[in-house]
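Number of protein chains: 2
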Amino acid sequence: MSSPPASLPLTRASVEAAYELIKPYIHETPVLTNTTLSQLASTPRTPAELEGTEWAGQNPAKPVLRLWFKCENLQRIGAFKARGAFHAIERLKQEPGWEEGGGRLKGVVTHSSGNHAQALALAARTNNIPAHIVMPTISAPAKIAATKGYGANVVFSGSTSVEREAVTATVIAETGARLIPPYDHPNIILGQATASFELLSQLPPSTTLSGIITPLGGGGLLSGTALTCSSTSVKVFGAEPSFQGADDGRRGYLSGERIPAVSTLTIADGLRTPVGAIPWSIIYERRLVSGIYSVSEAQIRAALRLVYERMKLVVEPSAVVGLAVALYNEEFRAMVERQGGAQGWDLGIIFSGGNVSLEALGKLFSD
Amino acid sequence: MSSPPASLPLTRASVEAAYELIKPYIHETPVLTNTTLSQLASTPRTPAELEGTEWAGQNPAKPVLRLWFKCENLQRIGAFKARGAFHAIERLKQEPGWEEGGGRLKGVVTHSSGNHAQALALAARTNNIPAHIVMPTISAPAKIAATKGYGANVVFSGSTSVEREAVTATVIAETGARLIPPYDHPNIILGQATASFELLSQLPPSTTLSGIITPLGGGGLLSGTALTCSSTSVKVFGAEPSFQGADDGRRGYLSGERIPAVSTLTIADGLRTPVGAIPWSIIYERRLVSGIYSVSEAQIRAALRLVYERMKLVVEPSAVVGLAVALYNEEFRAMVERQGGAQGWDLGIIFSGGNVSLEALGKLFSD
Chain Z
1 MSSPPASLPL TRASVEAAYE LIKPYIHETP VLTNTTLSQL ASTPRTPAEL EGTEWAGQNP
61 AKPVLRLWFK CENLQRIGAF KARGAFHAIE RLKQEPGWEE GGGRLKGVVT HSSGNHAQAL
121 ALAARTNNIP AHIVMPTISA PAKIAATKGY GANVVFSGST SVEREAVTAT VIAETGARLI
181 PPYDHPNIIL GQATASFELL SQLPPSTTLS GIITPLGGGG LLSGTALTCS STSVKVFGAE
241 PSFQGADDGR RGYLSGERIP AVSTLTIADG LRTPVGAIPW SIIYERRLVS GIYSVSEAQI
301 RAALRLVYER MKLVVEPSAV VGLAVALYNE EFRAMVERQG GAQGWDLGII FSGGNVSLEA
361 LGKLFSD
Chain B
1 MSSPPASLPL TRASVEAAYE LIKPYIHETP VLTNTTLSQL ASTPRTPAEL EGTEWAGQNP
61 AKPVLRLWFK CENLQRIGAF KARGAFHAIE RLKQEPGWEE GGGRLKGVVT HSSGNHAQAL
121 ALAARTNNIP AHIVMPTISA PAKIAATKGY GANVVFSGST SVEREAVTAT VIAETGARLI
181 PPYDHPNIIL GQATASFELL SQLPPSTTLS GIITPLGGGG LLSGTALTCS STSVKVFGAE
241 PSFQGADDGR RGYLSGERIP AVSTLTIADG LRTPVGAIPW SIIYERRLVS GIYSVSEAQI
301 RAALRLVYER MKLVVEPSAV VGLAVALYNE EFRAMVERQG GAQGWDLGII FSGGNVSLEA
361 LGKLFSD
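Quick note, the sequences are listed as chains Z and B, same order.
All letters in the first sequence, in the order written, are residues 1 to 367 by the UniProt record's numbering.
All letters in the second sequence, in the order written, are residues 1 to 367 by the UniProt record's numbering.
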């Protein structure tokens, strides 16, 4: 495979530089509050609600939480992934020799059936660069159509990672396209970091966040958020589904060793991937993340329902795991109670995306 | 039944006065634009798309439309109805003799199973006034729970209008509560009018709307919008479902006679009511509405899908009939082409509400 493009050091200053670079291409997404949800998060759960959980019989935590929602579901292509893709392309354009070597004609390539596919397709088309997207043959027709709709050349592969990588290697050999991975790359991480950087710039002057919680899949968003907050007083937390071992990040964080593979069918389909090596170095080795918490499928579904019914926002299941932690994870809530006291915490929650089919949504709530 | 509260003349000045009165109680809801939807609205439909419609074989219209969405789905209780309810209560409080006659203890009453029920319950509770809401026994449990959740006294009745009115009369006889009807009342109309009044105040200085289109059910919102625009250059249009005769407003408008009853099960369940007498006097007799257009169930569903997928907003089916007219009604589109020419139109579209159950949504898109 070709070497990835050169990149900046993984610091907050680089996040700021990335933000300046991609600003013309992305939306400044709104930051919303919601009285009902902040009140719910600040209401102790009942002992009955804790029955059957690992916290059964304990005193429910009494955190005070004021929630600030960063709405990346309203970002271009419907997810924060647009930030990383535009940043990776901008850096590629600046790379010495890329233009002269015909890089603009050779294009870019990635393997993804999710939001990164559409993000890279959009960023490439915006710059008149061809994009080759390797997708499993079994991908949802709507996702294939959307990616083609952004002008990408969709190349099909089998669904195992070995098959996808073989097809990707063939595309690179035939076209000379540059690989833009979905999360395990510094420029992608710095791009995703701009979501939290922007969030911090949008708060009222009187508000200082005590923490930001983001979903954790491959780790681009969480590690980027950690870089944004690395020289601030804002603590950073990750949120994962626990279903079928999808909490690989949390388990790795507790054991001290990254878990390189995971196989889960959690409804939070954006979070089925293991944490990548570079994100891991930021999240764990550099100790820039203060904790990783997990939630059940039922809790994700309950949080999703609240966002639809109370905020009237369309979000994908992956987007609400941070909210689910704030509402339902007693370990997190007890920590906020301890650290925030009566004053409480202002907590940033990143709604990572809103790409869910209405059919899938119907199935989620059809009983 | 008791007489309704005294009210102001039905003019734009009264709308402004209503707005000042209710401002402290309602949200200033956002006005959004969406490039994809404006582009879609400005793209001629294909001859194939017109096959099987009344416009088959005609040249598709070529309107230029820039759409401005007033998001009343983000209003308190999730619909514009909060505006009318708060306004009716404020006027009641100002009515000579109401306070002295024990009006505050006697409370208010209405019959509604929809958004007006929750709106009146909230407005009453905010003012520490009891609210009695007559709902059919067969109402959705979620709606009953929501209305009770706002502190209202829910009284059950049969589902015919005769049964509901009998129960309402009994409540009035027993409690002395004042009737606050859902749409056929000047103070309700003036309250609903503030949605468009606010919209006009939120546009960039360089933008002048050529028209505003709103859903038409009982007519409170449409007639209120007509009052807002009555001394301006902004034309006002109504949008209705055509299913099972739900286009009573349009048919009445064309025949010159109000149609007082309608029986339809359109998916736009907020629009199943006939137009009320006072709204009709504004819409038709005073000639303050320039046209009423209807759309099919499939077109409502298609517009709904676009709003979910492209705007990431939760709206109820009734909310998107105006957008469906702009996208799919050739009569409306040809009129915009004629009147707007190459310059086109800036069109305000009122998203009236967002109260839809996820289960109902799932059913709508389950095939």
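We put the CB at the ideal spot given by N, CA and C, even for glycine.
Separation of residue j from residue i, as counted between CA atoms
i                        : j                        : result
isoleucine 350 (chain Z) : valine 320 (chain B)     : 28 angstroms
arginine 301 (chain B)   : glycine 322 (chain B)    : 12 angstroms
threonine 207 (chain Z)  : alanine 85 (chain Z)     : 31 angstroms
leucine 306 (chain B)    : glycine 107 (chain B)    : 42 angstroms
serine 38 (chain Z)      : valine 31 (chain Z)      : 14 angstroms
asparagine 127 (chain Z) : histidine 87 (chain Z)   : 12 angstroms
leucine 10 (chain B)     : alanine 17 (chain B)     : 11 angstroms
glutamate 54 (chain Z)   : arginine 333 (chain Z)   : 14 angstroms
tyrosine 328 (chain B)   : valine 162 (chain Z)     : 47 angstroms
tryptophan 345 (chain Z) : alanine 226 (chain B)    : 46 angstroms
alanine 146 (chain Z)    : glutamine 118 (chain Z)  : 7 angstroms
methionine 1 (chain Z)   : proline 260 (chain Z)    : Unreliable positioning characterises methionine 1 (chain Z) in this predicted model, as indicated by a pLDDT of 42, which lies under 50. The coordinate reading is nonetheless provided below. Answer to the nearest angstrom: the Cα atoms are 20 angstroms apart.
glutamate 72 (chain B)   : methionine 311 (chain Z) : 12 angstroms
glutamate 330 (chain Z)  : tyrosine 253 (chain Z)   : 19 angstroms
proline 5 (chain B)      : histidine 111 (chain B)  : With a pLDDT of only 49 at proline 5 (chain B), under the threshold of 50, the placement of this residue in the model should not be trusted, and no figure is reported.
tyrosine 25 (chain Z)    : arginine 287 (chain B)   : 46 angstroms
serine 113 (chain Z)     : proline 136 (chain Z)    : 7 angstroms
valine 234 (chain Z)     : serine 255 (chain Z)     : 25 angstroms
CB contact below 9 angstroms: residue i versus chain B
i                           : result
phenylalanine 365 (chain Z) : yes
residue 437 (chain Z)       : Residue 437 (chain Z) cannot be examined here, being either before or after the span of chain Z that is shown, 1 to 367.
asparagine 73 (chain Z)     : yes
glutamate 359 (chain Z)     : yes
glycine 245 (chain Z)       : no
serine 78 (chain Z)         : As written in the sequence, residue 78 (chain Z) is glycine, which differs from the serine given in the question. True, the Cβ-Cβ gap to chain B drops below 9 angstroms.
glycine 151 (chain Z)       : no
glycine 270 (chain Z)       : no
glycine 211 (chain Z)       : no
glycine 362 (chain Z)       : yes
lysine 70 (chain Z)         : no
Within 9 angstroms, strictly: CB atoms of residue i and residue j
i                           : j                        : result
serine 159 (chain Z)        : threonine 168 (chain Z)  : no
threonine 273 (chain Z)     : glutamine 244 (chain Z)  : no
arginine 258 (chain B)      : isoleucine 292 (chain B) : no
leucine 314 (chain Z)       : alanine 303 (chain Z)    : As written in the sequence, residue 314 (chain Z) is valine, which differs from the leucine given in the question. Not a contact, by the Cβ cut-off of 9 angstroms.
glycine 211 (chain Z)       : serine 290 (chain Z)     : yes
alanine 193 (chain B)       : glycine 224 (chain B)    : yes
leucine 221 (chain Z)       : alanine 246 (chain Z)    : no
leucine 361 (chain Z)       : leucine 358 (chain B)    : yes
glutamate 316 (chain B)     : glycine 353 (chain B)    : yes
threonine 232 (chain Z)     : arginine 12 (chain Z)    : yes
serine 318 (chain Z)        : aspartate 269 (chain Z)  : yes
phenylalanine 197 (chain Z) : threonine 175 (chain Z)  : no
glutamate 297 (chain Z)     : proline 241 (chain Z)    : yes
lysine 143 (chain Z)        : serine 366 (chain B)     : no
Short CB-CB distance (under 9 angstroms) between residue i and chain Z
i                       : result
arginine 305 (chain B)  : yes
glutamate 331 (chain B) : no
serine 2 (chain B)      : The pLDDT assigned to serine 2 (chain B) is 48, lower than 50, so where the model puts this residue is not dependable; a value taken from the coordinates is nonetheless given after this. By this cut-off, serine 2 (chain B) is not an interface position.
glycine 322 (chain B)   : no
leucine 37 (chain B)    : no
glycine 191 (chain B)   : no
glycine 354 (chain B)   : yes
glycine 101 (chain B)   : no
Proximal chain D residues relative to residue i, where beta-carbon distance stays under 7 angstroms
i                    : result
valine 314 (chain Z) : Here the protein chains are Z and B, and chain D is not one of them.
heavy atom of the ligand SAH below 8 angstroms from residue i C-beta
i                     : result
glycine 340 (chain B) : With respect to the ligand SAH, the structure shown offers nothing to examine, as it has no ligands at all.
Cβ distance (whole Å) where residue i is taken to contact residue j below 8 angstroms
i                        : j                        : result
isoleucine 213 (chain B) : valine 325 (chain B)     : 6 angstroms
asparagine 115 (chain B) : asparagine 355 (chain B) : 6 angstroms
leucine 347 (chain Z)    : leucine 209 (chain Z)    : 7 angstroms
isoleucine 189 (chain Z) : isoleucine 278 (chain Z) : 7 angstroms
isoleucine 282 (chain B) : valine 275 (chain B)     : The pair is not a contact, with the Cβ atoms about 10 angstroms apart (cut-off 8 angstroms).
leucine 271 (chain Z)    : proline 215 (chain Z)    : 6 angstroms
How do the segment 36–50 of chain Z and the segment 73–93 of chain Z stand: do at least 3 beta-carbon pairs fall below 8 angstroms, yes or no? Cβ pair count under 8 angstroms is below three, so no.
Okay, do the segment 4–21 of chain B and the segment 93–106 of chain Z touch, 3+ Cβ pairs below 8 angstroms being the bar? Here the segment 4–21 of chain B makes no contact with the segment 93–106 of chain Z; the two share fewer than three CB pairs at distances below 8 angstroms.
Is it a yes or a no for the segment 136–155 of chain Z touching the segment 182–190 of chain Z, going by three-plus beta-carbon pairs under 8 angstroms? As far as the Cβ criterion goes, the segment 136–155 of chain Z does not touch the segment 182–190 of chain Z, which means the pair count is below three.
Taking contact to mean 3 or more Cβ pairs, one atom from each stretch, closer than 8 angstroms, check whether the segment 196–210 of chain B and the segment 48–64 of chain B are in contact. Put simply, the segment 196–210 of chain B does not touch the segment 48–64 of chain B. Fewer than three CB pairs are less than 8 angstroms apart.
Tell me whether the segment 86–101 of chain B and the segment 111–131 of chain B touch, counting them as touching only if at least three CB pairs, one residue from each stretch, are closer than 8 angstroms. The segment 86–101 of chain B is in contact with the segment 111–131 of chain B.
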